[in-house]
Amino acid sequence: MADAPRERSPFLGLLPLPERTAIAQALRTETVGGLVLLGAAVVALVWANTPWADTYERIRDFHFGISALGLDLSIGHWTADGLLTLFFLVAGIELKRELVVGELRTPATAALPVIAALSGMIVPAAFYAATALAGGGSLDGWAVPMATDIAFALAVLAVLSTHLPASLRAFLLTLAVVDDLGGILVIAVFFTSNLNFAALGGAFAGLVVFYLLQRFRVRGWWWYVPLGIAVWALMYNGGVHATVAGVAMGLILRTTRDKDEDRSPGERTSHLLHPVSAGVAVPLFALFAAGVSVSAASLSDVFTRPEPLGVVLGLVLGKTVGIFAGTYLAARFTRARLNPDLAWADVFALSALAGIGFTVALLIGELAFPDPVAAGPVKAAVLIGSLIAAVMAAMLVKRRNGVYRRLYEEENRDDDHDGIPDIYQVDATTER
Numbered sequence: 002m003a004d005a006p007r008e009r010s011p012f013l014g015l016l017p018l019p020e021r022t023a024i025a026q027a028l029r030t031e032t033v034g035g036l037v038l039l040g041a042a043v044v045a046l047v048w049a050n051t052p053w054a055d056t057y058e059r060i061r062d063f064h065f066g067i068s069a070l071g072l073d074l075s076i077g078h079w080t081a082d083g084l085l086t087l088f089f090l091v092a093g094i095e096l097k098r099e100l101v102v103g104e105l106r107t108p109a110t111a112a113l114p115v116i117a118a119l120s121g122m123i124v125p126a127a128f129y130a131a132t133a134l135a136g137g138g139s140l141d142g143w144a145v146p147m148a149t150d151i152a153f154a155l156a157v158l159a160v161l162s163t164h165l166p167a168s169l170r171a172f173l174l175t176l177a178v179v180d181d182l183g184g185i186l187v188i189a190v191f192f193t194s195n196l197n198f199a200a201l202g203g204a205f206a207g208l209v210v211f212y213l214l215q216r217f218r219v220r221g222w223w224w225y226v227p228l229g230i231a232v233w234a235l236m237y238n239g240g241v242h243a244t245v246a247g248v249a250m251g252l253i254l255r256t257t258r259d260k261d262e263d264r265s266p267g268e269r270t271s272h273l274l275h276p277v278s279a280g281v282a283v284p285l286f287a288l289f290a291a292g293v294s295v296s297a298a299s300l301s302d303v304f305t306r307p308e309p310l311g312v313v314l315g316l317v318l319g320k321t322v323g324i325f326a327g328t329y330l331a332a333r334f335t336r337a338r339l340n341p342d343l344a345w346a347d348v349f350a351l352s353a354l355a356g357i358g359f360t361v362a363l364l365i366g367e368l369a370f371p372d373p374v375a376a377g378p379v380k381a382a383v384l385i386g387s388l389i390a391a392v393m394a395a396m397l398v399k400r401r402n403g404v405y406r407r408l409y410e411e412e413n414r415d416d417d418h419d420g421i422p423d424i425y426q427v428d429a430t431t432e433r
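One rule links them: number in the working numbering = place in the sequence shown (from 1) + 1.
Rendered as structure tokens:
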């Protein structure tokens with residue numbers, strides 16, 4: 002007798018309660034941080050296009066630090082190389098959590114979001130490359146439109162006053178986490194120069210010590226903070242972008258709890274640093290990275306020069322096509338079935354929303370085009386592309402907002418006021 006066909010696994014269905022709680026906490030912080038980020042970007046744009054623009058440039062280019070340690074940097078570089086390390090540290094912890102207890106813990110659950118994320122990185126890069134080659138431009142910026150800015154995307158949702166179901170938000174978060182890892186790998190591999198192997202060896206040794214401290218359950222911030230700063234400084238002087246140190250330490254931090262622990266070291270660190278990263282580090286980076294001069298000539302450059310045009314097309318079209326096609330094909334050729342309460346139009350809207358590629362896109366743009374004259378139009382393209390993607394996603398999301406609101410209210414209904422949504426207390430065999 003032939004085996005019965007295996008049941009297809011749900012895609013974008015109801016999340017397990019612990020996973021839903023963890024994601025809700027992370028996204029709440031990112032949403033608030035995204036609104037601050039949005040405000041910082043607006044301030045930067047306005048400031049850079051007023052008679053006080055020279056003050057903005059003088060502050061951004063002001064140097065301070067310890068020259069003997071190779072750390073005499075401008076304020077702009079301190080925000081990009083220093084503060085963004087906190088952002089990537091938190092991203093590394095989130096990735097580790099996803100790999101250990103989240104959506105990426107098994108190949109079956111990881112396949113679909115990882116394929117979607119990879120497709121959402123490859124296709125935008127291909128759009129950029131095709132545009133640059135067709136226009137005789139530089140291929141240096143191929144990685145600029147690859148990353149999704151989760152904070153900015155959530156800020157757009159907050160401004161729209163919409164309520165995406167937890168499954169859609171979790172999928173967006175997973176995409177962004179994988180994107181961040183892809184972005185940091187691109188930075189580490191393609192944007193390193195003049196390697197200092199002695200400094201890199203010291204950074205690697207520091208990471209080994211960091212791992213051993215975690216392995217033997219050594220507690221106390223006085224061990225980790227000085228060691229983390231030393232690893233960061235050595236990584237910077239080694240010629241590898243210092244934010245790589247943040248991801249490495251985030252991946253090393255333990256995210257599972259021992260019997261005597263209320264929270265793991267990763268959870269404690271994320272709880273402490275996530276608000277600082279989302280509310281301070283990333284907005285300050287945006288304040289000194291998003292200040293580009295906007296004029297009729299600069300706007301014309303965005304749509305007439307191949308490099309910035311490739312960035313816009315990569316973010317707006319490449320991200321949307323890449324993520325949607327990757328998701329659809331992965332679901333089509335696996336045993337995943339779409340949640341019957343949702344439609345593929347919802348995945349398409351989410352794909353468009355992922356075209357908001359602010360923070361990491363600006364960082365890669367600065368690394369790909371170190372000349373400020375060349376970087377200006379690329380930065381403007383990131384802003385314009387993200388804005389177009391946000392408007393397009395807003396129209397798609399608002400069109401389905403009634404469905405989202407119904408699902409959101411159903412997920413959060415707690416008629417017996419016991420702190421657990423009622424949907425998690427029905428018979429486990431009942432399908433949603």
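No residue lacks a Cβ here, since even glycine has one placed at the ideal position from N, Cα and C.
Source: prediction; values computed, not measured.
Query                                                                                                                                                                                        : Result
For residue 1, which residues in the same chain have their Cβ closer than 7 Å to its Cβ, ignoring the five residues on either side in sequence?                                              : Since the first and last residues shown for the chain are 2 and 433, residue 1 lies out of range.
What separation, rounded to the nearest whole angstrom, lies between the Cα atoms of residue 342 and residue 172?                                                                            : 16 Å
Quick one: what's got a C-beta closer than 8 Å to residue 250's C-beta in the same chain, skipping five residues either side?                                                                : 90, 93, 208, 211, 229 and 232
Starting from the Cα of residue 125, find the closest Cα among 140, 201 and 237 and give me that residue.                                                                                    : 140
With 16 other CB atoms within 10 Å as the buried threshold, where does residue 70 fall?                                                                                                      : exposed
Consult DSSP for residue 271 and reduce its assignment to one of helix, strand or coil.                                                                                                      : helix
I'd like the list of long-range same chain contacts for residue 238, defined as Cβ closer than 7 Å, with 5 residues on each side in sequence excluded.                                       : 71, 197 and 200
Could you please give the first and the last residue of the uninterrupted alpha helix (DSSP H) stretch that includes residue 385?                                                            : 373-400
Which full runs of the beta strand (DSSP E) of 3+ residues lie inside the segment 334-364, going along the chain?                                                                            : 337-339
I need the straight-line Cα distance from residue 424 to residue 17, nearest angstrom please.                                                                                                : 11 Å
Can you give me the Cβ contacts of residue 295 inside the same chain, cut-off strictly under 6 Å, excluding the 5 residues immediately before and after it?                                  : 50
Could you name the residues that DSSP lists as bridge partners for residue 65?                                                                                                               : 74
DSSP on residue 12, reduced to helix/strand/coil?                                                                                                                                            : strand
How long is the line joining the alpha carbons of residue 242 and residue 406, rounded to whole angstroms?                                                                                   : 42 Å
Among residues of its own chain, excluding the 5 on either side of residue 3, which ones have a beta-carbon nearer than 7 Å to its beta-carbon?                                              : Bear in mind that the predicted position of residue 3 carries a pLDDT of just 46, short of 50, making it unreliable; the figure below should be weighed with that in mind. Counting only Cβ-Cβ distances below 7 Å, and skipping sequence neighbours, we find nothing.
Would you call residue 410 buried or exposed, if buried means 16 or more other Cβ atoms sit within 10 Å of its Cβ?                                                                           : exposed
Quick one: Cα of residue 434 to Cα of residue 36, how far?                                                                                                                                   : Examination of residue 434 is not possible in this model, given that the chain is present from 2 through 433 alone.
Assign residue 161 to one of three DSSP states: helix, strand, or coil.                                                                                                                      : helix
For residue 22, which of 262, 170 and 325 has the nearest alpha-carbon?                                                                                                                      : 170
Would you say the segment 349-369 touches the segment 286-295, given that touching needs at least three Cβ pairs under 8 Å?                                                                  : yes
For the alpha helix (DSSP H) containing residue 238, list its first residue and its last residue.                                                                                            : 222-238
Excluding sequence positions up to five away, which residues of its chain have a Cβ less than 7 Å from the Cβ of residue 155?                                                                : 28, 31, 32 and 35
Please classify residue 428 as buried or exposed, where buried requires at least 16 neighbouring CB atoms within 10 angstroms.                                                               : Reliability of the predicted coordinates at residue 428 is poor, the pLDDT of 45 falling under 50, and the value obtained from them is presented with this limitation in mind. Per the 10 Å Cβ criterion, exposed.
Are the CB atoms of residue 176 and residue 114 nearer to each other than 8 Å?                                                                                                               : yes
Grouping DSSP H, G and I as helix and E and B as strand, with all else coil, what is residue 2?                                                                                              : Summary for residue 2: the model assigns pLDDT 44, below 50, so the residue's position carries little reliability, and this model does not support an answer.
Specify the secondary structure class of residue 320 as computed by DSSP and reduced to three states.                                                                                        : helix
What is the rounded straight-line gap between the Cα of residue 395 and the Cα of residue 42?                                                                                                : 19 Å
Give every residue of the same chain whose Cβ lies closer than 6 Å to the Cβ of residue 354, excluding the five residues on either side of it in the sequence, and list them in chain order. : 154 and 394
Between the Cα of residue 180 and the Cα atoms of 398, 352, 401 and 399, which residue gives the shortest distance?                                                                          : 352
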